[in-house]
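18 is the number of the first residue of the sequence shown in the working numbering; add one for each residue after it.
One structure is given below, encoded as structure tokens.
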Amino acid sequence: MRRDDRYVPDLKGFIGNCETNYLRFLRLIPSIDEQSSWDFGIETATDELSRVSITVIERSKYTVTLRLAQESEIADWMPHPTITVRLYHDAHMAEVLSFQKNRYVRQRYEYPNQKMFMPDEKAQLNKFLGEWLDHCKRVGIAPEMPQFQSQMP
């Protein structure tokens, strides 16, 4: 690849996606300051239930680091998605830090590379995170529905 043909990250688009993902997290788990873990189910394409777990790994004054994992019994041959995300409360952004067993995802990769990451791997993972959060919000099922006492006589 010539030097002139190198991938140039779309910083404006990347930041916009990170800001939107932050808002998606707040809609999905509004109790982020009070709780340390959340579990819920989502329906798969085959009408099976898959479990999604969100766990706080680290909490500081301005950031929260979360691990998202999805488990399913229907596809043992396929790795279950696991993403580590950092939420920046001061900047109102959420950024993917790692995916599966890849500990650190860089902003840009030369292509080809040893692990065959795409040049815009980080941007693609942040886009995937947004789609995953939207899907969880749209089809998510709480494991235990609250029981309401009727106030009517």
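Here a beta-carbon is modelled for each residue, glycine too, at the ideal position from N, C-alpha and C.
If you're wondering where the values come from, they're calculated on a predicted model, not measured in any experiment.
CA-CA distance, Q87 to R23, rounds to 34 Å.
Taking every protein chain shown into account, the CB of A140 has 16 or more other CB atoms within 10 angstroms, so this residue is buried. In the three-state reduction of the DSSP assignment, R120 falls in the coil class, being assigned neither a helical nor a strand state. Annotation: the continuous alpha helix (DSSP H) that includes Q141 extends over E138 to V156.
One thing to note: N143 has its Cβ no nearer than 8 Å to the Cβ of F42.
If one requires a minimum length of 3 residues, the beta strand (DSSP E) runs lying completely within the segment 21 to 95 are 54 to 60, 66 to 76 and 80 to 88, in chain order.
DSSP, read as helix, strand or coil, puts A111 in strand.
With the rule of 3 Cβ pairs closer than 8 Å, the segment 32 to 40 does not count as touching the segment 51 to 59. Non-local beta-carbon contacts of T101 in its own chain, meaning distances under 6 Å to residues more than five positions away in sequence, involve R84, L114 and S115 in chain order.
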